[in-house]
Amino acid sequence: MIIAPLITLAAMANAADLAPADAGEPLAVRAGEHGGYSRIVIPNAPETWTLKTEGRSVTVVFPNAAQRLDVSGVDKNRKAHRVLNASSKPTADGDELILTLNCDCKARAERSEHNSLIIDIFDKQAELLVKQKPASPSKKTAAAPPTPSRRSPSSDELRAARDRMIALLAAANDQGVVALRSKAGQPVNLVPDYANDGASVTPVANASYGTGAAPDLDGVSGSASCIDPVRFTVAAPGAGDIAYGDIVELRQRLENADDAGQATLEIALGHGYLRLGFFSEAAALASAPDKAAAPEFMLLGGLAALGRSDSPSAKAKLEPFSACGGIYDLLLRAASPLASHDKSYSNAQYRTLNTLPKSLRGPVAELLALKALEQENSAAARRLYDIAAAAYAGEETPGLVILRASLPDDGSEDHPPRDDRTQEKLAVVAQTPGPYRSRALGVLAEEFERKATIAYDGFFDDLAEQALISAASRGEIDAAISGAKALAAAGRIGAAFAQLRSVREIAPQTAQAAGFIARSMIATAMASDEPAQRLAAIDYYFEYTDLFGVEADDNEMRLAIADTLASMGAPKLAARATSQIPSEQRADADMIVANAYLSAGDAAAALVLANKNPDHDGFGEVILRAGSMLDDKALLRKTARQLLQRQKMDVHNTALLWRAEEWRSAADSFASLPAEQLDIETASTYVLTVLKTGGKALPASAKQVLSANKNYARALEHMFTKAPAFNFRNAAKVDAFITGVSWETEFFRRGMRDE
0 MIIAPLITLA AMANAADLAP ADAGEPLAVR AGEHGGYSRI VIPNAPETWT LKTEGRSVTV
60 VFPNAAQRLD VSGVDKNRKA HRVLNASSKP TADGDELILT LNCDCKARAE RSEHNSLIID
120 IFDKQAELLV KQKPASPSKK TAAAPPTPSR RSPSSDELRA ARDRMIALLA AANDQGVVAL
180 RSKAGQPVNL VPDYANDGAS VTPVANASYG TGAAPDLDGV SGSASCIDPV RFTVAAPGAG
240 DIAYGDIVEL RQRLENADDA GQATLEIALG HGYLRLGFFS EAAALASAPD KAAAPEFMLL
300 GGLAALGRSD SPSAKAKLEP FSACGGIYDL LLRAASPLAS HDKSYSNAQY RTLNTLPKSL
360 RGPVAELLAL KALEQENSAA ARRLYDIAAA AYAGEETPGL VILRASLPDD GSEDHPPRDD
420 RTQEKLAVVA QTPGPYRSRA LGVLAEEFER KATIAYDGFF DDLAEQALIS AASRGEIDAA
480 ISGAKALAAA GRIGAAFAQL RSVREIAPQT AQAAGFIARS MIATAMASDE PAQRLAAIDY
540 YFEYTDLFGV EADDNEMRLA IADTLASMGA PKLAARATSQ IPSEQRADAD MIVANAYLSA
600 GDAAAALVLA NKNPDHDGFG EVILRAGSML DDKALLRKTA RQLLQRQKMD VHNTALLWRA
660 EEWRSAADSF ASLPAEQLDI ETASTYVLTV LKTGGKALPA SAKQVLSANK NYARALEHMF
720 TKAPAFNFRN AAKVDAFITG VSWETEFFRR GMRDE
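Written out as structure tokens, the structure is:
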């Protein structure tokens, strides 16, 4: 890692500017994300400051200013994605602001017009600006269509781009990444023979490879639209070590080339960049507005996008080569966001993959390994992982970290099992913006489900804030679903529902899985003893009703929600919850809504629903409750007769008649009940009902049940005993009657409670 030098900047404020904040008041440090860069803002900062960068650490010092800093706003929501955490270090002169980054990024600072110190943190990427040779005055060229997003580079920009290229090569040479001379001491010719001869950019058909070392590249179509793989594989001319002198020479030739030869030299330079691993430079060459649609440049752009693991862009650029076969099949398989239906890989395909230069072999094998993992082909994923790891030569890329964390342990010494260091590296990937962030979050979410291990502070915030793109891969979609489950387990129900909706919108094929998870969250909350939890579940159902389908389980959930709403006296919400219930369950839904109306005191509305379902026995209770509320004796008697005729009276409905003091109907209903449905309390109520209707004896079924409690039995049986005449001859009978009355008194005093 190259350590950035100390950069000391002093900004003098205008005399009319506001004075710095009082040293006794901490300055609130704010953070934000602006797409291409992260921004830290210190409002009303001291006039003099110093910025130091070292590795992934950025330090801001305010010399001679006893200033305190409040960094809680940076870490709280992690709005600046490139900042892992922020801290302040007290010194004699004031606090130092220390920013720990999660990327090898650059930092720059400046003072705004409003006295704020602004620190921007951005990726170390710069687009190579290619010098376009001006057209000859004698040639007539059509005006190019306007391209708002691009402009012709200035001379200064061209020199800066070239200087950067030289610096990149020099740094790569110093670090042993690139050899500037071949082992034989001779420069490697990056320009193929067809370029030396001034050949046009017309794609070459499937030519022979000369060396005979290309059986693994067979199968490429000879169509004119298919470019020979010799251009970008190790079989290409000059595919050995790259010589710096060749890059310089080629760029000089490019500057001096006439219009006819310029495109060919640019293609050669672009493929040289690919072999160096300078994918941004290759992409810049390929994206020139006047060349981007040409097959050679489209291929160059697709390969550069693969090198940067930008699958959507790679797929768009490589799609025109889908019929070419051979190595193109592998490239498109790597670029496609959805895994191929073919889960297997042949030995020939592995050999074909190894014909790519290491700079491309690593990212392509990495992408293929991740897709094999999605297809649950762990053997292929492991072999592709090995190819990628060998190509990266010890570098642990985000994709390799995810693969190592996800692949099953095979017991091999070459594949150490997942450990705490792997977990730490996953956490870094999950906190770093990039194409692998969502996958890393998904792996950590699965780990949370298994072990309830929270990977890092702000983990659930990151899960809640991640957003899928329309071209999300299956792995990214699975990761988002895992994230939703982890959020639900952590109690972040709202964020979990939002994540599931996003997944379903991007990938409709996940509707069943998303619905199952959403239904489970609702069921768990509905089963809670806390009313607030149940109310929250109902609220989420109505907000995210689009997540639920027409499956039987979904309808049972809707009925359960409506039943809860009915108990709360919310008939309109209960009706809304059951609006999607199918016709075969419509009567059950109407009965729940009718009970909701009864709970709300609207007996008339309940009867309307009951009249719609005359053949549904469950509405008997609804009608009896409504009749009792309306004090409609005729309705009570009519309903009781109908239920008795259909033998549908039960203990509950009979109790409704009893409470409505409809004694004759209640007595008839009690008489229709089998003895096994009677308990001591019900039997006692039955006896009292018989007394109310002028009965002369204890009913047999009630007597059988009451025999288990002698006090109840003798008290209730005595109620049917006629009082004897009071005279001396009946003294014994009178005493016995008085004793029986005491039993009755005790029965009513105690109530219908068992001994």
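Quick note: the sequence shown uses numbering that gives the first Met the number 0, first residue 0, plus one each step. Don't be surprised by glycine CBs; every beta carbon is placed ideally from N, CA and C. These numbers come from a predicted model, not from an experiment.
Anyone know if the C-beta pair for residue i and residue j falls short of 9 angstroms?
i: I591; j: A569; result: no
i: F296; j: C225; result: no
i: L359; j: I401; result: no
i: S56; j: L100; result: yes
i: E445; j: S481; result: yes
i: L305; j: L366; result: yes
i: P356; j: F231; result: yes
i: S405; j: V442; result: yes
i: V733; j: H717; result: no
i: I120; j: R38; result: yes
i: V428; j: R436; result: yes
i: V40; j: V70; result: no
i: A670; j: W657; result: no
i: I580; j: L606; result: no
i: L425; j: A439; result: yes
i: V704; j: T684; result: no
i: L399; j: A392; result: no
i: L331; j: A303; result: no
i: A513; j: L546; result: yes
i: A495; j: I516; result: yes
i: A267; j: K290; result: no
Rounded to the nearest angstrom, how far is the Cβ of residue i from that of residue j, given a contact under 8 angstroms?
i: L298; j: L284; result: Between L284 and L298 the Cβ distance is about 12 angstroms, and since that is not below 8 angstroms, they are no contact.
i: S627; j: A586; result: About 22 angstroms; that fails the 8 angstroms criterion.
i: L83; j: Q422; result: Between Q422 and L83 the Cβ distance is about 16 angstroms, and since that is not below 8 angstroms, they are no contact.
i: A561; j: T577; result: 5 angstroms
i: L564; j: I537; result: 7 angstroms
i: M567; j: I521; result: Not really, about 16 angstroms apart at Cβ, beyond 8 angstroms.
i: P336; j: S308; result: Wrong, their Cβ atoms sit about 12 angstroms apart, outside the cutoff.
i: L253; j: E265; result: 6 angstroms
i: F746; j: Y711; result: 7 angstroms
Could you tell me the boundaries of the beta strand (DSSP E) in which residue i lies?
i: G31; result: 29–32
i: Y435; result: Per DSSP, Y435 belongs to no beta strand (DSSP E) and is neither H nor E.
i: E53; result: 49–53
i: K88; result: 82–90
i: K721; result: K721 -> no beta strand (DSSP E), and no H or E assigned at all.
i: V689; result: Taken as a continuous stretch (DSSP letters only), V689 belongs to no beta strand (DSSP E), being part of the alpha helix (DSSP H) at 679–691.
i: Y344; result: First-last for Y344: undefined, no H or E at that position.
i: R110; result: 104–110
Start and end of the alpha helix (DSSP H) containing residue i?
i: S310; result: 310–317
i: L383; result: 377–391
i: I537; result: 530–542
i: K732; result: 730–749
i: V57; result: Unbroken run through V57 is the beta strand (DSSP E), 56–60; no alpha helix (DSSP H).
i: I120; result: Run containing I120: none in the alpha helix (DSSP H); it sits in the beta strand (DSSP E), 116–122.
i: N554; result: 551–566
i: P294; result: 294–306
i: I39; result: It is not in any alpha helix (DSSP H) - I39 instead sits in the beta strand (DSSP E) that spans 36–41.
i: E661; result: Unbroken run through E661: none, as it is neither H nor E.
i: P397; result: 397–405
i: V584; result: Correcting the residue type first, residue 584 is Gln in the shown sequence and not Val. Careful: Q584 lies outside any alpha helix (DSSP H) and carries neither H nor E.
i: M628; result: 618–629
i: G755; result: With the chain represented from 0 up to 754, any question about residue 755 goes unanswered, as that position is not in the structure.
i: S706; result: No alpha helix (DSSP H) contains S706, which DSSP labels as neither H nor E.
i: G361; result: 357–373
i: K695; result: Unbroken run through K695: none, as it is neither H nor E.
i: P570; result: 570–576
Quick one: is residue i near chain B, going by C-beta distance under 9 angstroms?
i: A304; result: Going by chain labels, chain B is absent from the structure shown, which holds only one protein chain.
contact_flag[the segment 686–694, the segment 722–735] where n(CB pairs < 8 angstroms) is 3 or more: Cβ pair count under 8 angstroms is below three, so no.
Cβ pair count under 8 angstroms reaching 3, the segment 63–75 against the segment 106–115: Verdict: no, contact absent.
contact_flag[the segment 311–330, the segment 368–384] where n(CB pairs < 8 angstroms) is 3 or more: The segment 311–330, when compared against the segment 368–384, does not touch it at the 8 angstroms Cβ threshold.
The segment 595–605 contacting the segment 618–625, beta-carbon criterion three pairs below 8 angstroms: They touch, by the three-pair rule.
Length-filtered (4 minimum) alpha helix (DSSP H) runs lying within the segment 451–514: If we require 4 residues or more, the alpha helix (DSSP H) runs fully inside the segment 451–514 come out as 458–464, 473–488, 492–505.
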